[in-house]
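Protein chains in written order, with our numbering: chain A, 1296 to 1457; chain B, 17 to 119.
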C-alpha cells in the first residue's frame, strides 16, 4: 500500500499536476480529460436488459449472426467458480468494429460488448459471471456483418447466487 | 487510497498490449445480503482507453462482468513512453480515471 501511495504521489507530481495528484490519492475522482471521459449515455440499456442470445444480437446490432470458425474463444470448459470465468476472444476476420460477449442462460444474456476502432486488434480478454452451466457466445462484427462462435462452460458453483 | 484502476501497457513490435484491473464491486442486482435484502445493481457501464485524445478501446459492460473487472486488449499506433488515459463510469454516476505510460 505504501508503494502504491508513493507511486500515485509521484505520478501526480510529475505527470498531470494537481488534478493527477488528487486522482492518484483518490480524494477527488476527477476526470483528467473531459474529451475522452465516458459519460455512459451511449450505453445500450435495452440490449443489456434483453434475455436470450438471438434477441440480444438483434437488439444490439439489428441483424442475425452467422456461425464462423474464424473466431477463437479461449475459456475453461469447466469453471469451478461461476463468479469469475475468464473469457478471451480473438478473430482473424477482417475489419472488425465490435466484439460482444453473451452468456446464454444468464438473466440478461449480454455481458459485455466492445468497440474496436481502427488500429485496435480484434482481441479481448475479460472475466464474466455466469449463473449456471451455459453456452458462452462471442459475436464479432466484421465488414458490417455479424458472426458468432459458441462454447459451453460447465459451472459447478453459480455466480449469481447469494 | 490509490486509484481504482491498475494498468500495465507494454509495446512490442508496434503492438501495445494493455491489461487493466479495476477495483469495483460489480453487483449484479440478483444477489441478496445476509439479511435477505437484494443488493442493488452497481456496475461499471463504460470503460474507455484513449491514446492521444482518441479512443482505442471502449468496453460497454453489464452487471455480468466479474467483480474487480479485468480487461486485456491490444492495439497498434502507440509507442513506448506514450501516455494512455483509462476512464470508467458506473451506473450510479461515479467515475475514475488514470493515466499510464507505455513501457
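Where is the CB? At the ideal position from N, CA and C, for every residue including glycine.
Remember, it's a predicted structure, so these values are computed and weren't measured experimentally.
Which residue marks the beginning of the beta strand (DSSP E) containing residue 36 of chain B, and which one marks its end? In the DSSP annotation of this structure, the continuous segment of the beta strand (DSSP E) that includes residue 36 of chain B starts and ends at 31 to 38.
Just checking, does the stretch 68 to 79 of chain B make contact with the stretch 1412 to 1419 of chain A on the three C-beta pairs under 8 Å criterion? Counting C-beta pairs with one atom in each stretch, the stretch 68 to 79 of chain B and the stretch 1412 to 1419 of chain A have three or more that are closer than 8 Å, which means they touch.
Report the CB separation of residue 1391 of chain A from residue 1431 of chain A in whole angstroms; it is logged as a contact under 8 Å. Actually they are not in contact, since the Cβ atoms of residue 1391 of chain A and residue 1431 of chain A sit about 18 Å apart, beyond 8 Å.
Taking the C-alpha atoms as reference points, what is the distance between residue 1423 of chain A and residue 1449 of chain A? Distance between the alpha carbons of residue 1423 of chain A and residue 1449 of chain A: 14 Å.
Which same chain residues end up closer than 8 Å to residue 1312 of chain A when comparing Cβ atoms and leaving out the 5 residues on each side of it in sequence? Note that residue 1312 of chain A has pLDDT 45, beneath the 50 cutoff, so the model's placement of it is unreliable and no number is given.
In chain A, what lies closer than 7 Å to residue 26 of chain B by C-beta? Near residue 26 of chain B there are no residues of chain A at all, since even the closest Cβ is about 14 Å away, more than 7 Å.
Residue 1447 of chain A to residue 20 of chain B, Cα distance in whole Å? Between residue 1447 of chain A and residue 20 of chain B, the C-alpha separation is close to 32 Å.
Comparing alpha-carbon positions, which option in A:1414, A:1370 and A:1395 lies nearest residue 1342 of chain A? The option with the nearest alpha carbon to residue 1342 of chain A is A:1395.
Thinking C-alpha only, which one of A:1387, A:1353 and A:1336 is nearest residue 1405 of chain A? Restricting attention to A:1387, A:1353 and A:1336, the CA atom closest to the CA of residue 1405 of chain A is found in A:1353.
Quick check on residue 1460 of chain A: buried or exposed, where buried means 16 or more other Cβ atoms within 10 Å of its Cβ? The first residue shown for chain A is 1296 and the last is 1457, placing residue 1460 of chain A beyond what the model contains.
Is there a C-beta anywhere in chain A that falls below 7 Å from the one on residue 32 of chain B? False, the Cβ-Cβ gap to chain A never drops below 7 Å.
I'd like to know whether the C-beta of residue 1415 of chain A is nearer than 7 Å to at least one C-beta of chain B. Answer yes: the Cβ-Cβ gap between residue 1415 of chain A and chain B drops below 7 Å somewhere.
State yes or no: is the C-beta of residue 1360 of chain A within less than 7 Å of the C-beta of residue 1443 of chain A? Yes.
Is there a C-beta anywhere in chain A that falls below 7 Å from the one on residue 54 of chain B? Closer than 7 Å: no.
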